[in-house]
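In case it helps, our numbering puts the sequence shown at residues 6 to 464. Structure record follows, encoded as structure tokens.
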Amino acid sequence: MQTLEATSPRPAVDLTQPGPNGRVLLDSQAATESNARTYPRRIPVAIAEASGSYITDVDGRRYIDFLSGAGVLALGHNHPELVAAVTAQLPKLTHGLDFPTPVRDEFKRRQIGMLPEHIRDDYKMHFCGPTGSDAVEAAIKLCKKATGRGQVVVFQGAYHGSTQGAMSLTSEHAPKTGLHNLLPGIHFTPYSYCHRCPIGLAPTSCSTNCADVLVNTLTDTHGGVQLPAAIIMELVQGEGGAIPARREFVHRVADTARELGIPLIVDEVQTGCGRTGTWFAFEQYGITPDVVVASKGLSGMGLPIAAILYRKHLDTWTPGSHIGTFRGNNLAFASANAFLDVVEREDLLAHVRKIADHLLGELTVLGDSPLVSDVRGLGLMLGMEMAAAPTADATQVASRFQQEALRRGLIVELGGRGDSVVRLLPPLNITVEVADDAVAILRDALTTLEAELAAEAGR
């Protein structure tokens, strides 16, 4: 069965937001659900059903979905093979705590088997609670226990979750407002964000100085930071604005961690499971992490799983050291195994690389607009950082761009500093035709926004 979608009609334009039926549900949500809800505030769509790359709202209007459940829907919505696998597992067992089951054992075997061959035999897997935040918490806890140390090094721009510990590792200030007594011993250091270099350099005049800051801090007898329990890093910062780390930066960090005996945690919650064109992003950087954090895309269809894979010498836990009721989701394991069947049969990772090159090339052309300051990404984890205009700052430009795209039937999300980056996370099995439809919408939206801002400036 082919995983790629057949060509579908492009969504209709001028979709006034929201429709009348959608307004009823959105108003109900606002009245009865937490103020912490996020996506419907900027994307006021009430979903009736979805299939592949498309969402249909309760007013019958179709959208191309380039949010993909914040990246969890690796094969889009309701892929038939994954649905069939879950349906077959459903009458057998749904929830199994950490008892071994055939479907769990296959999941574990195959996920470890997706690691590079030369390191597979040195890794174990721990099943966490259902979210990426839970897995991040487990990774930090594991490294602290194994090393007997307490400090953790993180990077500026990082996002590692919203639980108390994971939020402590997240660099953005806003989610921490009003919160006190977060995890102590966290040290933030510059990341290789060359478009907005934290130390004011350019790649042509830089010797990976951002990494040098960390190296000097950890090796200077007066650096002020004790030898940490771990360094945790995203190879592409997602919420930070789709920022791929430069290869030399990653190597300098990894080499330093190895030389000083510091466990290196690679947070692959967003980059893992094929999102960047290899199963894990670290494969493209040629490094060997001590701990890999995985979650979002594992099941392929949004059923929750979170896990860490780690080198065996770190496994100093005793029974019950880290537990969680929902670490035995056998439906998610079944879906994940079916997802891997598709990945292998369809050579999906090669498809991701091919379609990503095409999409990045098309977006780079849009980057010639004065409203776009940078286009970047790795695989199908892409971002367009917007620029300020005479009558609007970069945040406002990004927001208006997002709304223009939504009116034309394309769902995208914002991220980065000041939410000035338009983020694109399409399904991994997206076709060239759907990708081109999305680019056409972005082009139309950008052209309209340029005209509107020019008119405002001329008033």
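Ideal placement from N, C-alpha and C gives every residue a C-beta, glycine not left out. Predicted model only: the values in this text are computed from it and were never measured.
Quick one: what's got a C-beta closer than 7 Å to A460's C-beta in the same chain, skipping five residues either side?
Here residue 460 corresponds to residue number 455 of the sequence shown, with the count starting at 1. Nothing listed; no residue qualifies.
Across which residues does DSSP place H467 in a beta bridge pair?
The displayed coordinates of the chain run from 6 to 464. Any statement about residue 467 would go beyond what the structure contains.
Contact under 8 Å by Cβ, L120 with V241:
Taking the first residue of the sequence shown as position 1, residue 120 is located at position 115. Taking the first residue of the sequence shown as position 1, residue 241 is located at position 236. Cβ distance not < 8 Å, so L120 and V241 don't count as in contact.
Leaving out five residues on either side along the sequence, give the residues of the same chain with a beta carbon under 8 Å from the beta carbon of A93.
Working through the sequence shown from its first residue, we reach residue 93 at position 88. Counting only Cβ-Cβ distances below 8 Å, and skipping sequence neighbours, we find A339.
Would R125 be called buried (16 or more neighbouring beta carbons within 10 Å of its own) or exposed?
Taking the sequence shown and counting its residues from 1, the one referred to as residue 125 is at position 120. It counts as exposed.
Which residue wins for smallest C-alpha separation from L364, given the options V220, A443, I60?
In the sequence shown, counting from the first residue as 1, residue 364 sits at position 359. Of the listed residues, the one whose Cα sits closest to L364 is A443.
Does the structure place the region 163 to 176 close enough to the region 138 to 155 that three or more beta carbon pairs sit under 8 Å?
yes
Please work out which residues of its chain come closer than 7 Å, Cβ to Cβ, to P25, disregarding the five sequence neighbours upstream and downstream, and give them in chain order.
One-based indexing of the sequence shown puts residue 25 at position 20. The answer, listed in chain order, is D64.
Do you know how far the Cα of N221 is from the Cα of I60?
Taking the sequence shown and counting its residues from 1, the one referred to as residue 60 is at position 55. Taking the sequence shown and counting its residues from 1, the one referred to as residue 221 is at position 216. Distance between the alpha carbons of I60 and N221 is about 50 Å.
Cα-Cα, which of A41, I248, T194 is closest to I237?
Looking up residue 237 in the sequence shown gives position 232. Among A41, I248, T194, the Cα nearest to that of I237 is on T194.
Rounded to whole angstroms, how far is the Cβ of G190 from the Cβ of V157, which I believe are closer than 8 Å?
Locating residue 190 in the sequence shown gives position 185, where the first residue counts as 1. Locating residue 157 in the sequence shown gives position 152, where the first residue counts as 1. The Cβ separation is near 6 Å, so the contact holds.
Inter-residue Cα distance where the pair is L54 and V91
Start at 1 with the first residue of the sequence shown, and residue 54 comes out as number 49. Start at 1 with the first residue of the sequence shown, and residue 91 comes out as number 86. In the sequence under discussion, the amino acid at residue 54 is Glu, which differs from the Leu named in the question. For E54 and V91, the distance between alpha carbons rounds to 18 Å.
May I ask you to report which of helix, strand or coil DSSP gives V297?
Here residue 297 refers to the residue found at position 292 of the sequence shown. Strand at V297.
Is the beta carbon of I270 less than 8 Å from the beta carbon of A144?
Stepping through the sequence shown from its first residue, residue 270 is reached at position 265. Stepping through the sequence shown from its first residue, residue 144 is reached at position 139. Against a cut-off of 8 Å, the Cβ pair of A144 and I270 comes out as a contact.
Leaving aside the five residues before and after L308 along the sequence, list all residues of the same chain whose C-beta is less than 6 Å from its C-beta, in chain order.
Sequence index remark: in the sequence shown, residue 308 carries index 303 (1-based). Contacts found: L336, A337, S340.
Kindly indicate which three-state DSSP category Q242 falls into: helix, strand or coil?
For the purposes of this step, residue 242 is taken as residue 237 along the sequence shown, with counting starting at 1. It is a strand residue.
Using a Cβ-Cβ cutoff of less than 7 Å, which residues in the same chain neighbour C133 once the five nearest sequence positions on both sides are dropped?
Within the sequence shown, the letter at position 128 stands for residue 133. D139, A140, A143, A311, A312, I313, G329, R332, listed in sequence order.
Top-ranked residue by Cα proximity to T283, from H327, P233, L354
Position 278 of the sequence shown, counted from the start, is the residue given in the question as residue 283. Closest option to T283, Cα to Cα, is L354.
DSSP state of I416, grouped into three classes?
Here residue 416 refers to the residue found at position 411 of the sequence shown. Correct three-state label for I416: strand.
Can the beta-carbon of G372 be found closer than 8 Å to that of G246?
To locate residue 372, count along the sequence shown from 1; it is residue 367. To locate residue 246, count along the sequence shown from 1; it is residue 241. Not a contact, by the Cβ cut-off of 8 Å.
Going along the chain, which residues of its own chain have a beta-carbon closer than 6 Å to the beta-carbon of R66, five neighbours each way excluded?
One-based indexing of the sequence shown puts residue 66 at position 61. If we look at R66 and ignore the five residues flanking it on each side, its Cβ neighbours are L20.
Distance check for E177 and S378, CA to CA, integer angstroms please.
The residue you call residue 378 lines up with position 373 of the sequence shown. The residue you call residue 177 lines up with position 172 of the sequence shown. Their Cα atoms are separated by approximately 21 Å.
Tell me the rounded alpha-carbon separation between L303 and F160.
Translated into positions along the sequence shown, residue 303 becomes position 298. Translated into positions along the sequence shown, residue 160 becomes position 155. Going from the Cα of L303 to the Cα of F160 covers about 25 Å.
Can the beta-carbon of A403 be found closer than 8 Å to that of V426?
Numbered from 1 along the sequence shown, position 398 holds the residue referred to as residue 403. Numbered from 1 along the sequence shown, position 421 holds the residue referred to as residue 426. Contact: yes.
Who are the near neighbours of Q7 in its chain, counting only those whose CB is closer than 8 Å to its CB and skipping five residues on each side?
Translated into positions along the sequence shown, residue 7 becomes position 2. For Q7, the pLDDT reaches just 44, beneath the cut-off of 50, and the residue's location in the model is therefore unreliable, leaving the point undetermined.
Name the one or two DSSP bridge partners that A61 has.
As a working note, residue 61 is residue 56 in the sequence shown. First, the amino acid is wrong: residue 61 is Thr here, not Ala. DSSP, once it has assigned bridges, lists E54, R67 as partnering T61.
Specify the secondary structure class of K317 as computed by DSSP and reduced to three states.
Within the sequence shown, the letter at position 312 stands for residue 317. Three-state DSSP puts K317 in a helix.
With C-beta atoms as the reference, is G118 less than 8 Å away from R109?
Here residue 118 refers to the residue found at position 113 when the sequence shown is read from its first residue. Here residue 109 refers to the residue found at position 104 when the sequence shown is read from its first residue. Cβ atoms of G118 and R109: not closer than 8 Å.
Nearest candidate by alpha-carbon position, reference A216, set R412, L345, T261, T226
Residue 216 sits at position 211 when you count from the first residue of the sequence shown. When each option's Cα is compared against that of A216, the closest is T261.
Between which two residues does the beta strand (DSSP E) harbouring G382 extend?
To locate residue 382, count along the sequence shown from 1; it is residue 377. Where G382 is concerned, the enclosing beta strand (DSSP E) stretches over 377 to 383.
In chain order, what residues of the same chain have a beta carbon less than 6 Å from the beta carbon of A299, not counting five sequence neighbours either side?
On the sequence shown, residue 299 is found 294 positions in, with the first residue counted as 1. So the list reads E273, G277, A312, once near-sequence residues are dropped.
For a quick check, are the C-beta atoms of Y315 and Y44 less than 8 Å apart?
Mapped onto the sequence shown, residue 315 falls at position 310. Mapped onto the sequence shown, residue 44 falls at position 39. Contact flag unset, no.
Assigned secondary structure, F112 (DSSP; H/G/I helix, E/B strand, else coil):
Within the sequence shown, numbered from 1, the residue matching residue 112 stands at position 107. In the structure shown, F112 sits in a helix (DSSP, three-state: H, G or I).
Do you know whose CA, among T400, A456, V348, L454, lies nearest Q116's CA?
Numbered from its first residue, the sequence shown carries residue 116 at position 111. The shortest C-alpha separation from Q116 is found at V348.
Distance, Cα to Cα, L147 vs G325?
The residue you call residue 147 lines up with position 142 of the sequence shown. The residue you call residue 325 lines up with position 320 of the sequence shown. Their backbone Cα atoms lie some 13 Å apart in a straight line.
Taking the CB atoms as reference points, tell me whether E409 and T453 lie closer together than 8 Å.
Within the sequence shown, the letter at position 404 stands for residue 409. Within the sequence shown, the letter at position 448 stands for residue 453. Yes, the Cβ-Cβ distance between E409 and T453 is below 8 Å.
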